[in-house]
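Engineer: Below is one structure. I have some questions about it.
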Amino acid sequence: MIKTLILYESRYGSTWEAANIISLILGPSRRIPVSQFSEKHRGYDFIVLGTPIYNGKIHPKMQIFLDNEAEWLDGKNIALFCTCLNGSEGLRVLREVEDTLKGNILELGVLGGRLEMDRLNERDYQALKEYISREGLPSQGMNLFNREEVVDLALRLMGIRDTLLVEVSSSQLRSEVEEFLKEHNTCTLATSAQGRVRATPLEYQYSQGHIYILSEGGWKFANLLFNPMVSVAVYDNYTDMGNLRGMQITGQAIIVEDMVEYEQAIQMKGLTMNYIKSLPVDLKLIRVDMEKVEFLNSQFEKEGYSSRQVLKF
């Protein structure tokens with residue numbers, strides 16, 4: 039498991055909010071201001087540093103932290119982000135910070151900030167007047183903070199963190215994923231469209247990268263007609279933290295119309311078309327084409343790998 043430490047400093051709240059959103063999405067993670075950093079935080083694997091940019095500089099407390107902890111950061115996997123009113127300036131400052139660090143810098147994220155004139159202290163207000171005059175900006179409040187941008191950054195960081203996993207070989211992982219799916223026969227299918235969401239427990243059959251589901255119909259089809267993207271969960275009952283096994287599958291769901299494929303799926307389930315035709319209702323067939331499997335398995339960690347593994351089909 040890759041543990042993430044999110045270290046931030048905030049002046050008027052925007053960087054705190056961004057750090058909070060990133061922590062929500064990235065978990066397992068710990069989010070703390072740099073002033074709370076201590077010895078117990080040195081064992082984290084992935085370090086995310088967040089700071090506001092004021093007058094072309096990062097927050098003074100963040101700068102002090104970087105100076106004091108340069109040796110600890112050396113060799114760490116690091117992502118940097120800032121909140122600012124000028125994106126090009128924010129990127130310039132982050133690149134300057136990147137040049138001073140010896141760690142492995144994996145991402146630079148520039149986010150919009152907020153300017154609330156009535157909340158500024160006198161020193162910041164005077165510095166802001168000079169900055170506004172120099173940059174030709176309006177002398178009024180601005181709100182460039184965008185939650186979608188923060189979420190996009192958090193998802194990028196999640197993808198980056200996945201590259202740090204101690205990986206099981208792709209052939210072994212695929213074998214274990216397929217074995218797990220064949221051991222089970224019940225999943226939760228999550229669909230969504232046009233403001234509707236649905237999570238449906240269903241019986242399934244797995245075959246060669248596809249999950250086949252027979253259904254009488256229902257709300258999920260109202261979603262699938264507009265949005266084929268689905269998430270499928272398959273998991274063991276929870277016993278304790280040392281015996282976790284479960285997976286989240288991302289894929290595209292197809293409502294199968296081809297009768298040859300339909301009959302093959304029926305046979306795979308041990309049924310016959312005569313039986314299907316004898317039923318008083320029509321059974322529809324959903325095929326989920328698997329694109330990505332995120333497999334959490336405590337046994338991987340016991341074997342020296344990351345407990346969370348990602349397999350792309």
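Every position in the sequence shown, counted from 1, becomes a number in this note's numbering once 38 is added.
Glycine is no exception: its CB is placed at the ideal position from the N, C-alpha and C atoms.
Buried or exposed: where does R80 fall if 16 or more other Cβ atoms within 10 Å of its Cβ makes it buried?
Structural biologist: The residue you call residue 80 lines up with position 42 of the sequence shown. Its Cβ having fewer than 16 others within 10 Å, R80 is exposed.
Engineer: Quick check: the Cα distance between L64 and Q286, rounded to an integer number of angstroms?
Structural biologist: Stepping through the sequence shown from its first residue, residue 64 is reached at position 26. Stepping through the sequence shown from its first residue, residue 286 is reached at position 248. C-alpha separation (whole angstroms): 16 Å.
Engineer: State the Cα-Cα distance for the pair G128 and I304, rounded to the nearest angstrom.
Structural biologist: Counting from one through the sequence shown, the residue named residue 128 turns up at place 90. Counting from one through the sequence shown, the residue named residue 304 turns up at place 266. Each residue's alpha carbon lies about 58 Å from the other.
Engineer: Shortest alpha-carbon distance to K140 belongs to which of S344, E109, L193 and Q210?
Structural biologist: Start at 1 with the first residue of the sequence shown, and residue 140 comes out as number 102. Cα-wise, what sits closest to K140 is E109.
Engineer: Is the region 273-282 touching the region 229-244 in the sense that three or more CB pairs, one from each, lie closer than 8 Å?
Structural biologist: With a cut-off of 8 Å, the region 273-282 and the region 229-244 do not count as touching, because too few Cβ pairs lie within range.
Engineer: Would you call the region 48-66 and the region 88-100 touching, i.e. three or more CB-CB distances under 8 Å?
Structural biologist: The region 48-66, when compared against the region 88-100, does touch it at the 8 Å Cβ threshold.
Engineer: With distance defined between alpha-carbon atoms, name the residue in Y82, Q232 and L118 nearest to V148.
Structural biologist: Here residue 148 refers to the residue found at position 110 when the sequence shown is read from its first residue. Here the closest residue by C-alpha is L118.
Engineer: What residue range is occupied by the uninterrupted alpha helix (DSSP H) comprising P318?
Structural biologist: On the sequence shown, position 280 is the one that residue 318 refers to. No alpha helix (DSSP H) holds P318; DSSP gives it neither H nor E.
Engineer: Considering Cα atoms alone, identify which of N124, G151, L123 and G113 is closest to E371.
Structural biologist: Any answer about residue 371 is impossible in this case: the structure gives the chain only from 39 up to 351.
Engineer: Consult DSSP for R68 and reduce its assignment to one of helix, strand or coil.
Structural biologist: As a working note, residue 68 is residue 30 in the sequence shown. If DSSP states are grouped into helix, strand and coil, R68 belongs with the strands.
Engineer: Quick one: grab the DSSP three-state call for P98.
Structural biologist: Residue 98 sits at position 60 when you count from the first residue of the sequence shown. In this structure, P98 counts as helix in the three-state DSSP scheme.
Engineer: In the DSSP assignment, find the alpha helix (DSSP H) that holds T138 and state where it starts and stops.
Structural biologist: By 1-based counting over the sequence shown, the position of residue 138 is 100. Residues G125 to T138.
Engineer: Taking the alpha-carbon positions, what's the I314 to I40 distance?
Structural biologist: Here residue 314 refers to the residue found at position 276 when the sequence shown is read from its first residue. Here residue 40 refers to the residue found at position 2 when the sequence shown is read from its first residue. So the two alpha carbons sit approximately 48 Å from each other.
Engineer: Which runs of the alpha helix (DSSP H) spanning at least 4 residues fall entirely within the region 251-308, listed in chain order?
Structural biologist: As far as the region 251-308 is concerned, its whole alpha helix (DSSP H) runs of at least 4 residues are 257-262 and 297-306.
Engineer: To test your reading of the DSSP string, which unbroken alpha helix (DSSP H) runs of 4 or more residues are found completely within the region 191-218?
Structural biologist: Entirely contained in the region 191-218, not one alpha helix (DSSP H) run reaches 4 residues.
Engineer: When the Cα of E329 is compared with those of Q290, M297, E301 and N312, which residue comes out closest?
Structural biologist: What you label residue 329 is simply residue 291 of the sequence shown in a count that begins at 1. Considering only alpha carbons, the answer is Q290.
Engineer: Is it true that the region 321-339 meets the region 249-256, where meeting means three or more beta-carbon pairs spaced less than 8 Å apart?
Structural biologist: Segments in contact, yes.
Engineer: Look at K99 and E134 and say whether their C-beta atoms are less than 8 Å apart.
Structural biologist: Residue mapping note: residue 99 aligns to position 61 of the sequence shown, counting from 1. Residue mapping note: residue 134 aligns to position 96 of the sequence shown, counting from 1. No.
Engineer: Less than 8 Å between the CB atoms is what I'm expecting for V272 and L219, so what's the real figure, rounded?
Structural biologist: Counted from its first residue, the sequence shown places residue 272 at position 234. Counted from its first residue, the sequence shown places residue 219 at position 181. Yes, V272 and L219 are in contact; Cβ-Cβ is about 6 Å, under 8 Å.
Engineer: Excluding the 5 residues flanking E187 on each side, which residues of the same chain have their C-beta closer than 6 Å to its C-beta?
Structural biologist: Here residue 187 corresponds to residue number 149 of the sequence shown, with the count starting at 1. Taken in chain order, the residues that qualify are L149.
Engineer: Considering only residues of the same chain and omitting the five flanking positions on each side of E216, which have a CB-CB separation below 6 Å?
Structural biologist: Reading the sequence shown from its first residue, position 178 is the one you call residue 216. Closer than 6 Å at the Cβ level, and outside the excluded window around E216, lies no residue.
Engineer: With L349 and V331 assumed to form a contact (beta carbons below 8 Å), what rounded beta-carbon distance in angstroms separates them?
Structural biologist: Numbered from its first residue, the sequence shown carries residue 349 at position 311. Numbered from its first residue, the sequence shown carries residue 331 at position 293. At roughly 5 Å, the Cβ-Cβ gap stays under 8 Å, so L349 and V331 are in contact.
Engineer: In or out: K258 buried (at least 16 other Cβ within 10 Å) or exposed?
Structural biologist: Sequence index remark: in the sequence shown, residue 258 carries index 220 (1-based). By the neighbour-count rule (16 or more Cβ atoms within 10 Å), K258 is buried.
Engineer: Whose CA, out of K95, N93, L240 and I102, lies closest to the CA of L45?
Structural biologist: Mapped onto the sequence shown, residue 45 falls at position 7. Checking every option, the nearest Cα to that of L45 belongs to I102.
Engineer: For R185, name the three-state secondary structure that DSSP assigns.
Structural biologist: As a working note, residue 185 is residue 147 in the sequence shown. Helix, per DSSP.
Engineer: Considering only the beta carbon of each residue, do V204 and Y343 sit closer than 8 Å?
Structural biologist: Locating residue 204 in the sequence shown gives position 166, counting from the first residue. Locating residue 343 in the sequence shown gives position 305, counting from the first residue. It is a contact, given that the beta carbons lie within the stated cut-off.
Engineer: If you compare alpha carbons, which of R68, N124, L182 and R199 is closest to E145?
Structural biologist: Position 107 of the sequence shown, counting from 1, holds the residue named residue 145. The shortest Cα separation from E145 among R68, N124, L182 and R199 belongs to R199.
Engineer: Measure the CB-CB distance between T226 and T238 and report whether it falls below 8 Å.
Structural biologist: Numbered from its first residue, the sequence shown carries residue 226 at position 188. Numbered from its first residue, the sequence shown carries residue 238 at position 200. Result yes, Cβ atoms of T226 and T238 sit closer than 8 Å.
Engineer: On the premise that G94 lies in contact with L123, defined as a C-beta separation below 8 Å, what is that separation, rounded to the nearest angstrom?
Structural biologist: In the sequence shown, the residue the question calls residue 123 occupies position 85. In the sequence shown, the residue the question calls residue 94 occupies position 56. That belief does not hold up - the Cβ atoms of L123 and G94 are roughly 11 Å apart, past 8 Å.
Engineer: By a C-beta neighbour count over all protein chains shown, 10 Å radius and 16 as the cutoff for buried, is F338 buried or exposed?
Structural biologist: Numbered from 1 along the sequence shown, position 300 holds the residue referred to as residue 338. Buried is the call here.
Engineer: Determine the contact status of Q347 and V131, defining contact as a CB-CB distance below 8 Å.
Structural biologist: For this step, residue 347 is matched to residue 309 along the sequence shown. For this step, residue 131 is matched to residue 93 along the sequence shown. No; because the gap between Cβ atoms is not below 8 Å, this pair is not in contact.
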